[in-house]
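In our numbering, the protein residues as written are 11 to 311. Scroll down for the structure; my scribbles are underneath it.
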């Protein structure tokens, strides 16, 4: 899930803070333990891909270009607000602090996740940034929370929670005299655009998600969101979509599939070919459905 805008922000940070970074470079280099974990996760990824054709990215890259295991993206952070005593306050405050950055990708790629302090300085975050920050905050409060990586339809990945829709009008394009071969192509794109935006407006006012929307089933992208299992003041499992700050019941959500999910303790890789999201969530600890990457004796030895 490459985000070229975020990459540019990281490069600008490195350029503008070159001397400071050089002086503290040794503190930024990953430890030997980190490299051992990365090697282990890479072997596991290849084994699961060969046996189950599972999709899993075992690492992320920080702002310095160093590789780190995916679980270390969830850290203890000091909550940057005076409130935030329950899950709803936490995700709403964090969501409202940032401008949401849309990324549309069809394949799982290496994640770029800068430090929390940098993301807060920029006040711009994509689904990966927001999900890891919120889960980090929830874990400090002892919620059983996970970042989920899977597939979601265009209407979710490109969601505009302010309900602003840009107008597409090919009539404003100045066309050269004579026949234009591109006009039909523009009309087709306008038709698809209006169809997708029409669906967007419908979903903003509806609470359920029909499974027979074939045009949405086909148009899916890699996405990240949050799972909170029943814990503390939460009486049921829920998903949280950080593009909108909306909560979804597990049995009534727009997501199409789950590839893997993680927090600071473990990462669970889906090896079962089913799109029954409710069933998958109920079987996270069942090794017929999910393979846990770490056992305590491996991670903490």
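Each residue gets a CB set at the ideal place from its N, CA and C atoms; glycine is no exception.
| Check | Outcome |
| --- | --- |
| Three-state secondary structure assigned by DSSP to residue 230 | strand |
| C-alpha gap between residue 218 and residue 265, whole angstroms | Reliability of the predicted coordinates at residue 218 is poor, the pLDDT of 49 falling under 50, and the value obtained from them is presented with this limitation in mind. Taking the straight line joining both Cα atoms gives about 12 Å. |
| Cβ-based burial, residue 279 [other Cβ within 10 Å; buried from 16] | buried |
| Residue 142 versus residue 124: straight-line alpha-carbon distance, rounded | 11 Å |
| Inter-residue spacing [alpha-carbon to alpha-carbon] between residue 50 and residue 62 | 18 Å |
| Pick from 134, 37, 44 that is closest to residue 20, judged by C-alpha positions | 134 |
| Integer Cβ distance of residue 81 from residue 120, believed to fall under 8 Å | Actually they do not touch by this definition, with Cβ atoms about 15 Å apart. |
| Whole-angstrom distance between residue 148 and residue 180, CA atom to CA atom | In this predicted model, residue 180 has a pLDDT of only 39, less than 50, meaning its place in the structure is not dependable; the value taken from the coordinates is given anyway. Their Cα atoms are separated by approximately 46 Å. |
| Backbone secondary structure at residue 301 - three-state DSSP | strand |
| Inter-residue spacing [alpha-carbon to alpha-carbon] between residue 25 and residue 34 | 15 Å |
| DSSP-derived helix/strand/coil call for residue 246 | coil |
| Exposure label - residue 169; buried when at least 16 CB within 10 Å | buried |
| Cβ pair count under 8 Å reaching 3, the stretch 158–166 against the stretch 226–238 | yes |
| Own chain partners of residue 243 with C-beta closer than 7 Å, once the 5 adjacent residues on each side are dropped | 96 |
| Host alpha helix (DSSP H) of residue 290 (start-end) | 287–292 |
| Within-9 Å CB hit, residue 65 to chain C | Structure shown: chain C not included; a single protein chain is present. |
| Helix, strand or coil at residue 19 [DSSP, three-state] | helix |
| Collapsed DSSP secondary structure at residue 87 in the structure displayed | coil |
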